[in-house]
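In what follows, a single structure is set out as structure tokens and then discussed.
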Amino acid sequence: MVQYGGDEVSALVLDIGSSTLRAGYAGDDTPKAIIPTTYGFKPEAESGDISMGEVGAVGEVQSSKESKMYIGQHGPSVWRADMQIGNPMSEGMISDFKPIPALISHAFRDVMRCNPEEHPILVTEPAWNTTANRERMAEIMFEEFNVPAFYIANTGVLNAFAAGKGSALVIDIGQSQASVTPVVDGFVLRKGLAHSHLPQLIQAHARHTLTNATHNHPPIQLLPHQLIANKIPAEPGTPPRFTIREDRLVKTPASLLTYYENREVDEWMQSVAGVLDQGWNEQVATQRPPRQYEFPTGFNTYFGAERFQVGEYFFSHTRDMVAQNPGLPKTIPALITQALTACDPDMRQVLMGNIVLAGGGSLFAGLGERLNNELSRNFPHVKIHAPGNPTERRYGGWLGGSILGSLGTFHQLWISKEEWQEHGKAIVGQRCK
Amino acid sequence: MSSGIGVNPECLSAFQELKLGKKTKYIIYAVNAEHTEIIPLKTSASSDYDEFLGDLPETECRWAVYDFEYEKEGAKRNKICFFSWAPDDAKIKAKMLFASSKDALRRSLVGIAAEIQGTDYSEVAHESVLDKVSRGN
Numbered sequence: 011m012v013q014y015g016g017d018e019v020s021a022l023v024l025d026i027g028s029s030t031l032r033a034g035y036a037g038d039d040t041p042k043a044i045i046p047t048t049y050g051f052k053p054e055a056e057s058g059d060i061s062m063g064e065v066g067a068v069g070e071v072q073s074s075k076e077s078k079m080y081i082g083q084h085g086p087s088v089w090r091a092d093m094q095i096g097n098p099m100s101e102g103m104i105s106d107f108k109p110i111p112a113l114i115s116h117a118f119r120d121v122m123r124c125n126p127e128e129h130p131i132l133v134t135e136p137a138w139n140t141t142a143n144r145e146r147m148a149e150i151m152f153e154e155f156n157v158p159a160f161y162i163a164n165t166g167v168l169n170a171f172a173a174g175k176g177s178a179l180v181i182d183i184g185q186s187q188a189s190v191t192p193v194v195d196g197f198v199l200r201k202g203l204a205h206s207h208l209p210q211l212i213q214a215h216a217r218h219t220l221t222n223a224t225h226n227h228p229p230i231q232l233l234p235h236q237l238i239a240n241k242i243p244a245e246p247g248t249p250p251r252f253t254i255r256e257d258r259l260v261k262t263p264a265s266l267l268t269y270y271e272n273r274e275v276d277e278w279m280q281s282v283a284g285v286l287d288q289g290w291n292e293q294v295a296t297q298r299p300p301r302q303y304e305f306p307t308g309f310n311t312y313f314g315a316e317r318f319q320v321g322e323y324f325f326s327h328t329r330d331m332v333a334q335n336p337g338l339p340k341t342i343p344a345l346i347t348q349a350l351t352a353c354d355p356d357m358r359q360v361l362m363g364n365i366v367l368a369g370g371g372s373l374f375a376g377l378g379e380r381l382n383n384e385l386s387r388n389f390p391h392v393k394i395h396a397p398g399n400p401t402e403r404r405y406g407g408w409l410g411g412s413i414l415g416s417l418g419t420f421h422q423l424w425i426s427k428e429e430w431q432e433h434g435k436a437i438v439g440q441r442c443k
Numbered sequence: 301m302s303s304g305i306g307v308n309p310e311c312l313s314a315f316q317e318l319k320l321g322k323k324t325k326y327i328i329y330a331v332n333a334e335h336t337e338i339i340p341l342k343t344s345a346s347s348d349y350d351e352f353l354g355d356l357p358e359t360e361c362r363w364a365v366y367d368f369e370y371e372k373e374g375a376k377r378n379k380i381c382f383f384s385w386a387p388d389d390a391k392i393k394a395k396m397l398f399a400s401s402k403d404a405l406r407r408s409l410v411g412i413a414a415e416i417q418g419t420d421y422s423e424v425a426h427e428s429v430l431d432k433v434s435r436g437n
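The structure is reproduced here in structure tokens:
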């Protein structure tokens, strides 16, 4: 058994999401390293020389003989000729472990400048993670990073605990997944677990709204600033005047362009889009003040009612949409219903009285109020706990892990390297429940 | 998943006294300053419910055991209630600490009839608790 005295464990906490990877020291209130989980790569490395000036700021890793990776803050967001884009996550879980060690190493060694061999490490996982997946994570940590001790904790439980609740219904909206996790006495009620790729639908819808003509605006080009040489200020609603960097555009693969365009969509959603607090009402939406937004091309306009339409998809799908798309992701109310149906009737009231809202996607303007109104109509006692502090909301899982990992008493739960060597993979399931 | 924080034997002896001695009305528990174990902060014989609520601070977490008396169908009954008190305004570290340590305390106390999870005073008000304990039997 590993012994770490007092509260000074200085463990590391790692939380990998679809959009960012968060890493930092246990006990801190924000992660030290927040890097995009998305990485750039070139299928064929140019012969030999890596520009040394960039090492450190950019994680350049020769992961295999034929591909070179670009990781971190200056990774995928810096334009490079013929750079492709990859992301190891799907459905909130790691589906491709190949780039994972490079991403983790960049966060710990390059950004935090610490040696993972010297610190116990606490990793988070989504509630629906598979056994094989968590064992693989343990293996990477022990075998590739030589960590002295390891623990894997569930983000649902961490979010519930960080809100001070042993029993709660955790609604976590991330970049790619929206999930509803019933937590009872510190354990996930697996049968009540519900999740869908709703945020992706909303992003696709926002993109559709922007790139197609509406009564308010012509089709908008989502070109990123990386591909624009210069622009001249334009009056709202008028066609933009800008010069494209054609030389770059021809060397921008489709995956990179899509990544850049989606970032523009996300940006627009975060600053302009919202949802009405009482359900869709054209009149109310038009009465709300319009908001101006300028795209990298210089095109800018005022967005009125349409900025609220986007958020409706969190709560309802139109009949037409349901008829045309059989695989439509479940809305938040539908996910909640699914989760509650699987729970004991006695438990439902406790869960509805203890809703915890988490994840960066839940910061969508007006979402908390709307959810409260929707649920209050159907349930007698609804109470939503949503941290007002955006950092707490966005990194709730990481923060929960940070506090847990900093406790001296937590040492009895760490899986030590010796235990790993003795018992192998089975110990992960036994210890981390 | 738990914090690994232990339970001081005094927690149990205070509880036994409440359960068997019938003199104590309620006990307030908390984690000690070193974050190593759970200790009883206060035991009280006062039957004034407001005094009990006064012992649940506005910005700090606590646990409590309360010997709740009520009347049903003309007969006097009592049930021992377990309270987890974690107000929204408490520090996140305290909330995490208490939520992840609750199980250790809760499991060591045998004979609890109802559990209340409270984040504001309306959830631990006399009527709310009465409503909860008088349901069922």
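These protein sequence lines map, in sequence, to chains U and E.
Just so it is clear: in the first sequence, position 147 is 157 by the working numbering, and no numbers are missing.
Just so it is clear: in the second sequence, position 135 is 435 by the working numbering, and no numbers are missing.
All C-beta atoms in this analysis are idealised placements derived from N, C-alpha and C, irrespective of residue type, glycine included.
Keep in mind the model is a prediction, meaning the values are calculated, not measured.
Burial is judged here by how many other beta carbons sit within 10 angstroms of a residue's own beta carbon; M331/U has fewer than 16 and is exposed. Short of 7 Å from the beta carbon of N308/E, and not among the five residues preceding or following it, lie these beta carbons of its own chain, in chain order: E337, I338 and I339. Partner residues in the beta bridge of N240/U, as assigned by DSSP, are T253/U.
Counting other Cβ atoms within 10 Å of its Cβ, Y421/E stays below 16 and is therefore classed as exposed. Put simply, the backbone Cα of R298/U is about 48 Å away from that of M147/U. Looking at L22/U, N97/U, M93/U and N169/U, the one whose alpha-carbon comes closest to that of R404/U is N169/U. In the same chain as P158/U, and ignoring 5 residues on each side of it, the C-beta atoms closer than 8 Å to its own belong to V12, E127, E128, H129, P130, S426 and K427, in chain order. Counting along the chain, the unbroken alpha helix (DSSP H) around G439/U starts and ends at A436 to R441. The alpha-carbon of L414/U is positioned some 19 Å away from that of P387/E. T307/U and L417/U do not touch by the CB rule: their CB atoms are close to 51 Å apart, not below 8 Å.
Sequence-distant Cβ neighbours of I346/U in its own chain, meaning closer than 6 Å and more than five residues away, are V190.
In terms of Cβ geometry, L385/U and L367/U do not form a close pair [threshold 9 Å]. Excluding sequence positions up to five before and after R301/U, its CB lies within less than 6 Å of the CB of V282 and F313, all in the same chain and listed in chain order. Considering only beta carbons, the part of the segment 151-180 of chain U lying closer than 9 Å to chain E consists of Y161, A163, N164, V167, L168, A170, F171, A172, A173, G174, K175, G176, S177 and A178, in chain order.
DSSP places K432/E within a helical segment (H, G or I) once states are collapsed to three.
In this chain, the beta strand (DSSP E) harbouring M79/U covers K78 to I81. With contacts defined by Cβ atoms closer than 9 Å, V360/U and R144/U do not form a contacting pair. Burial check for I242/U: the Cβ neighbour count within 10 Å stays below 16, so the residue is exposed.
Contact annotation: the segment 101-121 of chain U does not touch the segment 386-395 of chain U, with fewer than three C-beta pairs closer than 8 Å. Within the same chain, and ignoring the five residues on either side of G378/U in sequence, the residues whose Cβ sits closer than 8 Å to its Cβ are L367, S372, I394 and A396. Counting only Cβ-Cβ distances below 8 Å, L397/E has contacts in chain U at I413 and L417, in chain order. For the segment 377-403 of chain E, the set of residues with a beta-carbon nearer than 9 Å to any beta-carbon of chain U comprises S384, W385, A386, P387, D388, A390, I392, K393, A394, K395, M396, L397, F398, A399, S400, S401, K402 and D403, in chain order. Pairwise C-beta distances place the segment 179-196 of chain U out of contact with the segment 322-337 of chain E, as fewer than three of them are shorter than 8 Å. Its Cα nearest to that of A239/U, the residue F252/U stands out among Q231/U, P228/U, F252/U and P229/U.
Counting C-beta atoms within 10 angstroms of its own C-beta, K376/E has fewer than 16 neighbours from the protein chains shown and is therefore classed as exposed.
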